Structure formats: structure tokens, C-alpha cells
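Report on one structure; see the data block that follows.
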Amino acid sequence: MKIGILALQGAVREHRKLLQRLGVETVDVLNPQDLDGINGLILPGGESTTVGKLLVRYDLLGPIAELGRKGLPIFGTCTGLILLSKYINNSDQPRLGLMDTYVERNAFGRQLASFEADMCIPVLGETPFHTLFIRAPYIDKADSGVMVLLRYQDKILFAEQDNFLAAAFHPELTDDTRVHAYFIRKITSH
Ligand code: GLN
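Sequential numbering from 1 applies to the sequence shown in the working numbering.
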């Protein structure tokens with residue numbers, strides 16, 4: 001199995017390290033040829049307006065969206081969650097638009113720009129997951145095809161729809177491999 005990691009910006013190395021610990025081969029995706037032969041793709045955090053522009057400039061937006069529509073499993077963290085969404089509140093920034101989710105960017109306000117918390121995520125088992133949020137977005141509304149994996153108050157923080165998985169937090173910045181293992185299971189069962 002080979003998983004691509006979009007390497008235009010963000011925590012590429014951290015995702016790579018976690019995947020390698022799980023025994024998965026990785027490839028940094030910087031141009032369309034890098035997408036050849038991958039079984040899944042990770043979209044790391046960063047700044048979604050910048051990453052969106054770079055996706056257009058490097059001719060990656062169309063090819064990735066096309067692969068996603070054809071069934072390629074894609075996992076987005078933070079900025080990745082924004083890029084996967086069809087709807088971004090008050091923004092016309094470039095996006096892949098593959099999930100029926102409505103996203104609010106930088107949604108936790110100034111004081112809560114970054115925070116961490118142990119959250120119970122039933123699909124990962126009983127042990128709480130240490131979630132880290134950095135100027136995080138959240139999903140404030142999702143259409144019926146979207147399965148919510150973590151909701152906190154009225155905010156959706158982890159969700160999946162068909163071959164897509166999206167987290168508002170950063171599992172690659174912890175030692176816990178369970179979210180990545182969940183994505184790998186999604187690939188193998190796909
Ligand atoms: N605030 C960023 C954005 O809007 C996301 C932050 C992140 O990926 N850590 O793109």
C-alpha cells in the first residue's frame with residue numbers, strides 16, 4: 001500500500017512518520033505524476049487559502065478532485081477538512097468540494113485559537129484521543145450522507161463520507177496512530 005501526502009505546505013513529515021510506524025509506504029505529492037499508483041491521499045494542515053491557490057498553480061486541484069470522485073480514499077486534517085468541503089462559509093477560495101459539509105474557518109475565536117483536549121471517539125475504541133486544535137475549522141452542518149465521528153457541543157470535529165475522512169484536529173502531532181490506522185482500514189475495506 002502506498003499513501004500520498006500533499007506536500008505543498010504543513011505537517012507533511014509528521015504524517016509521514018506516523019504512516020511509516022504503521023508500515024505504510026508514502027510519497028510526497030507535489031505534482032500530478034506523484035498521484036500515480038497511490039491507494040490513498042492525506043491533505044495536511046496549513047493555510048487553506050494558500051494551499052488552495054497552490055493546488056491550482058501546480059495543476060493538482062482537478063486531478064485530485066477527479067480521483068476522489070472515482071473513489072480514491074482521501075483524509076484531510078484541518079486545512080484538509082476545509083479543502084474537502086463543498087461549502088466554506090463566507091469564502092469562494094479554491095477547494096476540492098468532495099464532502100457535503102459546511103465549514104466555518106478559524107472558528108474557535110482568538111482566545112481558543114489553539115487548544116487541546118481528550119475526546120472520546122467511539123470508532124477508535126474506549127481510550128480517549130488527545131485532540132490538538134490549531135486555528136481550527138469546524139463543520140457546522142452536514143448533509144445526510146455524512147457520518148459524524150466526533151461532535152463537541154454543536155460542532156462536528158471528525159466526520160466521514162464514502163471514501164473521505166476529515167478531522168478538524170491534528171492526529172499527526174500526537175503519538176497515537178489510531179486515526180491513521182482508521183484511515184488505512186478505510187483504504188483496505190474500500
Ligand atoms: N486556519 C487554517 C485555515 O483556515 C487551518 C489551520 C490548520 O490547518 N491548522 O486554513
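C-beta: ideal position from N, C-alpha, C; glycine also.
Since the structure is predicted, the reported quantities are computational estimates derived from the model, not experimental observations.
Cα-Cα separation between residue i and residue j, rounded to whole angstroms
{"i": "Phe108", "j": "Ile38", "result": "34 Å"}
{"i": "Asn199", "j": "Cys78", "result": "With the chain covering 1 to 190 only, the question about residue 199 has no answer from this structure."}
{"i": "Thr26", "j": "Leu61", "result": "20 Å"}
{"i": "Ala11", "j": "Arg21", "result": "16 Å"}
{"i": "Leu132", "j": "Glu104", "result": "17 Å"}
{"i": "Asp34", "j": "Gln9", "result": "16 Å"}
{"i": "His15", "j": "Leu173", "result": "8 Å"}
{"i": "Pro32", "j": "Ile3", "result": "14 Å"}
{"i": "Asp176", "j": "Thr127", "result": "11 Å"}
{"i": "Leu165", "j": "Ser91", "result": "22 Å"}
{"i": "Gln153", "j": "Lys86", "result": "23 Å"}
Bounding residues of the alpha helix (DSSP H) (the contiguous stretch that carries residue i)
{"i": "Tyr138", "result": "Note, Tyr138: premise wrong, no alpha helix (DSSP H); beta strand (DSSP E) at 138-142."}
{"i": "His130", "result": "No alpha helix (DSSP H) holds His130; the beta strand (DSSP E) holding it covers 129-134."}
{"i": "Phe183", "result": "178-188"}
{"i": "Ser48", "result": "48-57"}
{"i": "Ile156", "result": "Segment 155-161 is the beta strand (DSSP E) holding Ile156; no alpha helix (DSSP H) there."}
{"i": "Ile64", "result": "61-69"}
Where the beta strand (DSSP E) containing residue i begins and where it ends
{"i": "Ala117", "result": "114-119"}
{"i": "Arg151", "result": "147-152"}
{"i": "Val24", "result": "That residue, Val24, is in no beta strand (DSSP E); it is neither H nor E in DSSP."}
Residue i beta carbon near ligand 1 (any heavy atom closer than 7 Å)
{"i": "Thr188", "result": "no"}
{"i": "Glu14", "result": "no"}
{"i": "Asn106", "result": "yes"}
{"i": "Ile134", "result": "yes"}
{"i": "Cys120", "result": "no"}
{"i": "Gly45", "result": "yes"}
{"i": "Ser144", "result": "no"}
{"i": "Ser85", "result": "no"}
Supposed close pair residue i, residue j - CB separation, criterion 8 Å
{"i": "Ile82", "j": "Ile88", "result": "6 Å"}
{"i": "Val29", "j": "Leu41", "result": "7 Å"}
{"i": "Ala65", "j": "Thr101", "result": "So it is not a contact: roughly 15 Å between Cβ atoms."}
Item to check | the stretch 46-56 in contact with the stretch 167-184 per 3-pair CB rule at 8 Å | outcome: no
Checklist entry - Per the contact definition of three or more C-beta pairs closer than 8 Å, is the stretch 126-146 in contact with the stretch 156-173? => result yes
Checklist entry - Are the stretch 88-99 and the stretch 115-129 touching, with three or more C-beta to C-beta distances below 8 Å? => result no
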